[in-house]
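**Student:** Here's a structure for you.
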Amino acid sequence: MCDTLGCVDTRIPIFGKNSDRCVDEPQLLEFHPKKNNSEKTLMATYIEIDQVQRTNAILISRPSWMYGAEMGLNEYGLVIGNEAVFTKGGYNKTGLTGMDLLRLALERTSNAKQALELIITYLEKYGQGGNCAYEGTKYYNNSFLIMDRDELYVLETYDKQWAYRKSKKDSISNRLSISSNSDDSSQKKCDFARIHTEPVYTYLCGSGYRRGRTQLCINNECDFEGFKKALRSHNKVKDPFSCGTANSVCMHGGGVVDNQTTASLIVQLYPVPVIWATCSSLPCISLYKPYLFGAKSPFVYTYRDENQGNDNTTSIKYWKEREAFNRRMLGNPPPDEYYEQMEALENEWRSLVMSSYDDSSEMEKISLLAYEQEKQFFEKMDKLIAKQSNHTLCHLGFWKNRNL
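Positions -5 to 398 (my numbering) are the ones given, in order, by the sequence shown.
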């Protein structure tokens, strides 16, 4: 499950996404510099496709085992998030995954309209498909929120069929939402959502509740603080640390809920984009750390030329360390002091960023400061977290067999 929201109808266009995946799956924030390619073909997650001569510089949040990405942006200020949608069939055992399509669009296009057109072209040419689960088997179709500083599109798909709408602000949450009011569709003038939605799983995954919350955000608080609040929100649950919460934007695993938010990202599209990333699960207890596109940062892995070799084990280790800390709070919510100090740190970083966001060297210093202060914060909070646990039996049964 996932929730993605964006707005171009504001002074600073803004994008946000929670990526909800298997609770044990590391998700890595990676910078890939622009590149001239000599290869004729490219191996995506499951299939080989034609390579292009040049690929853009991109920042992606990527599940550790696949080629594609859950969310990301490129050097031109194009930002995309994708999500599963549950349909009446149309699932394929192989093809490009939705995450592959997202990454390819970032690498090969420079604005939202081009990205929309490329995804549609590749969808029709190569098809979508493949097992997208870290554990077990999960096939699904995809929706995309695609935006730059000027335009925003929501693209929804069923097999090789598609429909899109153009918006100033929008959100998606694991459900088809385009009816007969699409701006264009492969099936002319049809109610795309009504025809293709699989209703049971679409309801059970809490997509209606979650989209309601993100719609509330974009209609009332279309700014950084509003997006943070929405991405950290829980829907009518007394204690998300002792039960699974499929209908919350900040999704917690447990019981019958086998996914949780494994990474969260906010992008402010200043002339030089500023990225705020948790690089860890559960944004409600994780810190949004600042990063300037293309700058050096200890929590962003920069890929080098293939001949020099690449080793992202440090990034995986970082995610797992943060995840191990978060699991200390299962059945055991943090004290008020935890949230107070978390907010104070983020406010400090934001104040620094607002005066230096277009200065690469200063932003590198701020990212390093955030990394060090985060480390100190978790060391201090580790001593404050109570030792007792208030798991329900169902919740405890889910987590006791999990092993990072």
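Beta carbons: idealized from backbone N, C-alpha and C, even for Gly.
Looking at the secondary structure, which residues open and close the alpha helix (DSSP H) in which residue 201 lies?
**Tutor:** In the sequence shown, counting from the first residue as 1, residue 201 sits at position 207. 201 to 214 is the extent of the alpha helix (DSSP H) around residue 201.
**Student:** In chain order, which alpha helix (DSSP H) runs of at least 4 residues are fully inside the region 319 to 398?
**Tutor:** You should have 330 to 348, 354 to 376, 387 to 393.
**Student:** So what does DSSP say about residue 142, is it helix, strand or coil?
**Tutor:** For this step, residue 142 is matched to residue 148 along the sequence shown. It is coil, neither helix nor strand.
**Student:** Give me the Cα-Cα distance between residue 216 and residue 32, rounded to the nearest whole angstrom.
**Tutor:** Translated into the one-based positions of the sequence shown, residue 216 becomes position 222. Translated into the one-based positions of the sequence shown, residue 32 becomes position 38. Those two C-alpha atoms are separated by around 43 Å.
**Student:** Contact between the region 125 to 145 and the region -1 to 10: three or more CB pairs below 8 Å?
**Tutor:** yes
**Student:** Below 7 Å between beta carbons: does that hold for residue 40 and residue 124?
**Tutor:** Counted from its first residue, the sequence shown places residue 40 at position 46. Counted from its first residue, the sequence shown places residue 124 at position 130. Yes, the Cβ-Cβ distance between residue 40 and residue 124 is below 7 Å.
**Student:** Would residue 277 be called buried (16 or more neighbouring beta carbons within 10 Å of its own) or exposed?
**Tutor:** Within the sequence shown, numbered from 1, the residue matching residue 277 stands at position 283. Residue 277 is buried by the Cβ-count criterion.
**Student:** What are the partner residues of residue 26, as DSSP defines its beta bridges?
**Tutor:** Within the sequence shown, residue 26 is the residue found at index 32, counting from 1. In DSSP, residue 26 forms a bridge with 52.
**Student:** Identify whether residue 427 lies in helix, strand or coil by the three-state DSSP scheme.
**Tutor:** An answer regarding residue 427 cannot be provided, because it is not within the stretch -5 to 398 covered by the chain.
**Student:** Going by DSSP, what residue range makes up the alpha helix (DSSP H) through residue 195?
**Tutor:** For the purposes of this step, residue 195 is identified with residue 201 of the sequence shown, where counting begins at 1. It spans 193 to 198 - the alpha helix (DSSP H) in which residue 195 sits, taken as one unbroken run.
**Student:** With a Cβ-Cβ cutoff of 7 Å, do residue 256 and residue 246 count as a contact?
**Tutor:** As a working note, residue 256 is residue 262 in the sequence shown. As a working note, residue 246 is residue 252 in the sequence shown. In this structure, residue 246 does not lie closer than 7 Å to residue 256 by Cβ.
**Student:** Buried or exposed for residue 37, please, with buried defined as at least 16 other CB atoms from any protein chain shown within 10 angstroms of its CB.
**Tutor:** Taking the first residue of the sequence shown as position 1, residue 37 is located at position 43. The residue is exposed, with fewer than 16 neighbouring Cβ atoms inside 10 Å.
**Student:** For the 8 Å Cβ check, are there 3 or more pairs between the region 311 to 319 and the region 43 to 56?
**Tutor:** no
**Student:** On the DSSP bridge assignment, give the partners of residue 37 in chain order.
**Tutor:** Here residue 37 refers to the residue found at position 43 when the sequence shown is read from its first residue. DSSP output for residue 37 lists 42 as bridge partner(s).
**Student:** With H, G and I counted as helix, E and B as strand and the rest as coil, what does DSSP make of residue 99?
**Tutor:** The residue labelled residue 99 in the question sits at position 105 within the sequence shown. In this structure, residue 99 counts as helix in the three-state DSSP scheme.
**Student:** DSSP state of residue 218, grouped into three classes?
**Tutor:** By one-based count along the sequence shown, residue 218 stands at place 224. Helix, per DSSP.
**Student:** Figure out for me which residue from 378, 266, 251, 228 has the closest Cα to the Cα of residue 389.
**Tutor:** Within the sequence shown, the letter at position 395 stands for residue 389. Taking only the C-alpha atoms, the option nearest residue 389 is 251.
**Student:** Among all the DSSP beta bridges, which residues are the ones paired with residue 65?
**Tutor:** The residue you call residue 65 lines up with position 71 of the sequence shown. Paired residue(s): 55, 75.
**Student:** Are there 16 or more other CB atoms within 10 angstroms of the CB of residue 131, so buried, or fewer, so exposed?
**Tutor:** The residue labelled residue 131 in the question sits at position 137 within the sequence shown. So residue 131 counts as exposed.
**Student:** With 16 other CB atoms within 10 Å as the buried threshold, where does residue 258 fall?
**Tutor:** Mapped onto the sequence shown, residue 258 falls at position 264. Buried.
**Student:** Who does residue 149 pair with in a DSSP beta bridge?
**Tutor:** To locate residue 149, count along the sequence shown from 1; it is residue 155. Answer by DSSP bridge pairing, in chain order: 138, 158.
**Student:** Using the C-alpha atoms, what's the distance from residue 86 back to residue 154?
**Tutor:** Taking the first residue of the sequence shown as 1, we reach residue 154 at position 160. Taking the first residue of the sequence shown as 1, we reach residue 86 at position 92. Those two C-alpha atoms are separated by around 10 Å.
**Student:** Buried or exposed, going by whether 16 or more other CB atoms sit within 10 Å of the CB of residue 151?
**Tutor:** Along the sequence shown, one-based indexing puts residue 151 at 157. Burial call: buried.
**Student:** Have a look at the DSSP bridge pairing and note the partners of residue 0.
**Tutor:** By 1-based counting over the sequence shown, the position of residue 0 is 6. Looking at the DSSP assignment, residue 0 forms a beta bridge with 9, 164.
**Student:** Taking the beta strand (DSSP E) that residue 269 belongs to, which residues open and close that run?
**Tutor:** Counted from its first residue, the sequence shown places residue 269 at position 275. Per DSSP, residue 269 belongs to the beta strand (DSSP E) from 268 to 271.
**Student:** On the DSSP letters alone, give me the boundaries of the beta strand (DSSP E) that residue 257 sits inside.
**Tutor:** The residue given as residue 257 occupies position 263 in the sequence shown. It spans 253 to 262 - the beta strand (DSSP E) in which residue 257 sits, taken as one unbroken run.
**Student:** In terms of alpha-carbon separation, which member of 94, 97, 102 lies closest to residue 48?
**Tutor:** By 1-based counting over the sequence shown, the position of residue 48 is 54. Residue 48 has its Cα closest to that of 102, out of 94, 97, 102.
**Student:** Would you mind reading off the limits of the alpha helix (DSSP H) that contains residue 186?
**Tutor:** Indexing the sequence shown from 1 puts residue 186 at position 192. Its alpha helix (DSSP H) spans residues 186 to 190.
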